[in-house]
Amino acid sequence: MRWTKTHKTRSMIGVFALVGISLVGCTAQPSEAETPRPSVSVSASPTPTADAAGDEELLPMPVEDIRDWATTAVPSSTSVTGTGVLSGWLSQNTSAHHLTTFSSLAPGSYQGQIACRGAGTVTLGAGEVDSDPSSGPVVCADGTTAFDVTIEQTGMSVVLDLEGDPTVYALSLVRTD
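Residues -33 to -1, 1 to 144, numbered by mature numbering (1 follows the signal peptide of the UniProt record, and there is no 0), are exactly what the sequence shown covers, in order.
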């Protein structure tokens, strides 16, 4: 009986590890230091392919350094109405398309900044939830780009699309009105 419980526990740990590894490119999360923040949901491309393991090696920095880089690459909001800093990496084999929805972000005007490092090009579109982007396309290729977006209803969606090689990104939104 004890062997069965231990075996089941180890099997569950293995399943959780496999799920974590398959989502390695989907690390876009607000900075832990930002509280409170609007509710956020994230969706990415379909399940990573067998070639995904090699993509991480093509990034311009180690995955564990992305969050630290992001906090210096783009400004974060110090107010309650900000979204924090989102960061992660995109690749054709893991997550070439990434959607983040800030479902409780208050209506208003925002200035965004996106920073990208790597040989790929990230195209950003931002606007109201379930609508065509009102800002964009904003193109980021191994640099930092500012953009403005205004929403008239609660909630904002930000879409990132990658073309080319694996690339890291950092994104921030700051309320301007």
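The beta carbon of each residue, even a glycine, is placed where N, CA and C say it ideally should be.
- Neighbourhood of aspartate 128 by C-beta, 6 Å cutoff - its chain only, sequence neighbours within 5 removed: Annotation for aspartate 128: His64, Thr90 place their beta carbon closer than 6 Å to its own, counting only its chain and skipping 5 residues before and after.
- If you run the structure through DSSP and keep just helix, strand and coil, what is threonine 68? In the structure shown, threonine 68 falls within a strand segment according to DSSP collapsed to helix, strand and coil.
- Query: Would DSSP call valine 89 helix, strand or coil?
  - Reply: For valine 89, the secondary structure class from DSSP, reduced to helix, strand or coil, is strand.
- Item | Same chain only: Cβ atoms within 8 Å of proline 74, ignoring 5 sequence neighbours per side | If we look at proline 74 and ignore the five residues flanking it on each side, its Cβ neighbours are Ile118, Glu119, Gln120, Thr121.
- Helix, strand or coil: how does DSSP classify tyrosine 136 here? In this structure, tyrosine 136 counts as strand in the three-state DSSP scheme.
- Query: Alpha carbon to alpha carbon, what distance is there between aspartate 18 and leucine 140?
  - Reply: Computed Cα separation, rounded: 33 Å.
- Query: From aspartate 35 to glutamate 23, what distance separates their C-alpha atoms?
  - Reply: Looking at the two C-alpha atoms, the distance is approximately 17 Å.
- Query: So which of Arg142, Val125, Ser102 has the shortest CA-CA distance to phenylalanine 114?
  - Reply: Minimum Cα-Cα distance from phenylalanine 114 among the listed residues Arg142, Val125, Ser102 corresponds to Ser102.
- Message: Restricting to runs no shorter than 3 residues, where is the beta strand (DSSP E) found entirely within the segment 77 to 130?
- Response: Annotation note: the segment 77 to 130 contains the following uninterrupted beta strand (DSSP E) runs of length 3 or greater, listed N- to C-terminal: 88 to 95, 102 to 107, 111 to 118, 123 to 130.
- Message: Using a Cβ-Cβ cutoff of less than 6 Å, which residues in the same chain neighbour proline 37 once the five nearest sequence positions on both sides are dropped?
- Response: The question names proline, but residue 37 in the sequence shown is alanine. Excluding residues within five positions, the ones whose Cβ falls inside 6 Å are Val52, Ser54, Ala137.
- Candidates Gln80, Val125, Thr111, Val106, of which the one nearest aspartate 99 by Cα: Nearest of Gln80, Val125, Thr111, Val106 to aspartate 99, Cα basis: Val125.
- Item | Whole-angstrom distance between arginine 84 and proline 104, CA atom to CA atom | One C-alpha to the other measures close to 18 Å.
- Message: I need the straight-line Cα distance from proline 5 to threonine 61, nearest angstrom please.
- Response: Because the pLDDT at proline 5 is just 44, under 50, the model does not fix this residue reliably, and the value given afterwards should be weighed accordingly. Per the coordinates, the alpha-carbon of proline 5 lies some 26 Å from the alpha-carbon of threonine 61.
- Message: Looking at the secondary structure, which residues open and close the alpha helix (DSSP H) in which glycine 21 lies?
- Response: Here the alpha helix (DSSP H) through glycine 21 covers 19 to 22.
- Query: Does the beta-carbon of histidine -27 have 16 or more other beta-carbons within 10 angstroms, so that it is buried, or is it exposed?
  - Reply: Annotation note: pLDDT 36 at histidine -27 (below 50); position unreliable, coordinate value reported separately. Exposed.
- Message: Considering Cα atoms alone, identify which of Gly21, Thr67, Ile81 is closest to aspartate 109.
- Response: Relative to aspartate 109, the option among Gly21, Thr67, Ile81 whose CA is nearest is Ile81.
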